[in-house]
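Quick notes on the structure that follows.
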Amino acid sequence: MGCCFLLADGDASVLIDTGMVGEPFFIARLIRKLGLTPQAIKAILLTHGHLDHAGNLAWLAEWTGAKIYAHPDEQAHVDGTFPYQGINRWCGRLEAAGRFLFRYRPARIDAFLADNQELPFWGGLRVIHLPGHTRGHCGFYSVKHNLLFSGDMFASYFFNVHKPPAILNSVPEQFPASVERIRRLAPRLIVPNHFDVLDGELHRRRFGRLYCLPDWAGPTKQKKHLTHRRW
Ligand SMILES: [Zn+2]
Numbered sequence: 010m011g012c013c014f015l016l017a018d019g020d021a022s023v024l025i026d027t028g029m030v031g032e033p034f035f036i037a038r039l040i041r042k043l044g045l046t047p048q049a050i051k052a053i054l055l056t057h058g059h060l061d062h063a064g065n066l067a068w069l070a071e072w073t074g075a076k077i078y079a080h081p082d083e084q085a086h087v088d089g090t091f092p093y094q095g096i097n098r099w100c101g102r103l104e105a106a107g108r109f110l111f112r113y114r115p116a117r118i119d120a121f122l123a124d125n126q127e128l129p130f131w132g133g134l135r136v137i138h139l140p141g142h143t144r145g146h147c148g149f150y151s152v153k154h155n156l157l158f159s160g161d162m163f164a165s166y167f168f169n170v171h172k173p174p175a176i177l178n179s180v181p182e183q184f185p186a187s188v189e190r191i192r193r194l195a196p197r198l199i200v201p202n203h204f205d206v207l208d209g210e211l212h213r214r215r216f217g218r219l220y221c222l223p224d225w226a227g228p229t230k231q232k233k234h235l236t237h238r239r240w
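In structure tokens form, the structure reads like this:
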């Protein structure tokens, strides 16, 4: 199921992605619980336009009046018109069924995102273009918190840390460059869209293991390294 984040910041709060079925109830309840009004949400940032991320986009944009920000290449995904090719056609078929079942409505992107663009939300968020999963897939990096919202670069669950399945990736040949981009950015915390616990350090270690970044491997390997050095 989809997942979204509410970055609470008073009257300038922001949503990253919008989730899928059932989530309008939780989003509305969370906004009330935080003492916010729907109008306090000033922007909806989309990592990409897959159905589990854009499922409630039209409803949320109407309910909050927030502007929708996304990479221009994601409009076709949001519209359900992206020309999926090869094995990736399965993604299109699953989305088509989902759109029908959940009575999905598309929405227009109000502001197109570009790589390295600085957004004035949550103390500053930088757009990190990370193509591979989709052409316009973007992460959002908070300099203040040294934290990267990494979208669907990977999913991070206790028993199952994995790359997105091949059927869901539109430009897989661009994946390695996006992993390298994150390695060079070296955020202290990483939060993917699909995860078990909200622990950015843990997800960073898992990302490092998944994509073979030895320096990011985590405490176990560091301990071994120290032991080795004593000898
Ligand atoms: Zn996706």
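First residue of the sequence shown: 10, per this note's numbering; consecutive thereafter. The beta carbon of each residue, even a glycine, is placed where N, CA and C say it ideally should be. If you're wondering where the values come from, they're calculated on a predicted model, not measured in any experiment.
| task | Determine the DSSP secondary structure at residue 153, reduced to helix, strand or coil. | result | coil
| task | State the Cα-Cα distance for the pair residue 196 and residue 149, rounded to the nearest angstrom. | result | Looking at the two C-alpha atoms, the distance is approximately 11 angstroms.
| said: According to DSSP, is residue 160 part of a helix, a strand, or is it coil? | reply: DSSP places residue 160 in strand when its eight states are reduced to three.
| query | Which class does residue 229 belong to by DSSP, given the choice of helix, strand or coil? | reply | The predicted model places residue 229 with a pLDDT of 48, which falls under 50 and marks its position as unreliable, so this point remains unresolved.
| In terms of residue numbering, what span does the beta strand (DSSP E) encompassing residue 185 cover? | Taken as a continuous stretch (DSSP letters only), residue 185 belongs to no beta strand (DSSP E), being part of the alpha helix (DSSP H) at 184-194.
| query | Distance, Cα to Cα, residue 90 vs residue 186? | reply | Spanning the two alpha carbons is a distance of roughly 26 angstroms.
| query | Got a sec? Which residues, its chain only, sit under 7 angstroms from residue 100 by beta carbon, not counting five neighbours each side? | reply | 93, 176 and 177
| query | If we ignore side chains and look at the alpha-carbon of each, how far apart do residue 107 and residue 29 end up? | reply | Residue 107 and residue 29: Cα-Cα distance of roughly 9 angstroms.
| query | Hey, out of 112, 144 and 138, whose CA is closest to residue 191's CA? | reply | 138
| field | Closest residue to residue 308 among 210, 144 and 61 (Cα-Cα distance) | value | The question about residue 308 has no answer, for the chain in this structure spans 10 to 240.
| request: Report the three-state DSSP secondary structure of residue 110 (helix, strand or coil). | output: helix
| CA nearest to the CA of residue 119, picked from 84, 218 and 159 | 84
| query | Going by beta carbon distance, what residues of the same chain come within less than 7 angstroms of residue 167, once the five residues before and after it are set aside? | reply | The answer, listed in chain order, is 205.
| said: What ranges does the beta strand (DSSP E) occupy inside the region 33-101, keeping only unbroken runs of at least 3 residues that lie completely in it? | reply: 50-54 and 76-79
| said: Counting C-beta neighbours from all protein chains within 10 Å, is the total for residue 58 16 or more, i.e. buried, or is it exposed? | reply: buried
| task | Determine the extent of the beta strand (DSSP E) in which residue 134 is found, giving its start and end residues. | result | According to the DSSP assignment, residue 134 belongs to the beta strand (DSSP E) that extends over 134-138.
| field | Expected contact under 8 angstroms - CB spacing of residue 49 and residue 74 to nearest Å | value | Residue 49 to residue 74, Cβ: 10 angstroms. No contact.
| field | Same chain, Cβ closer than 6 angstroms to residue 111, neighbours up to 5 away in sequence not counted | value | 30
| field | Close-in-space but distant-in-sequence residues of the same chain around residue 52 (CB under 7 angstroms, 5 per side omitted) | value | 23, 75, 76, 78 and 130
| said: Run through the DSSP bridge pairs and tell me what residue 217 is partnered with. | reply: DSSP output for residue 217 lists no bridge partner at all.
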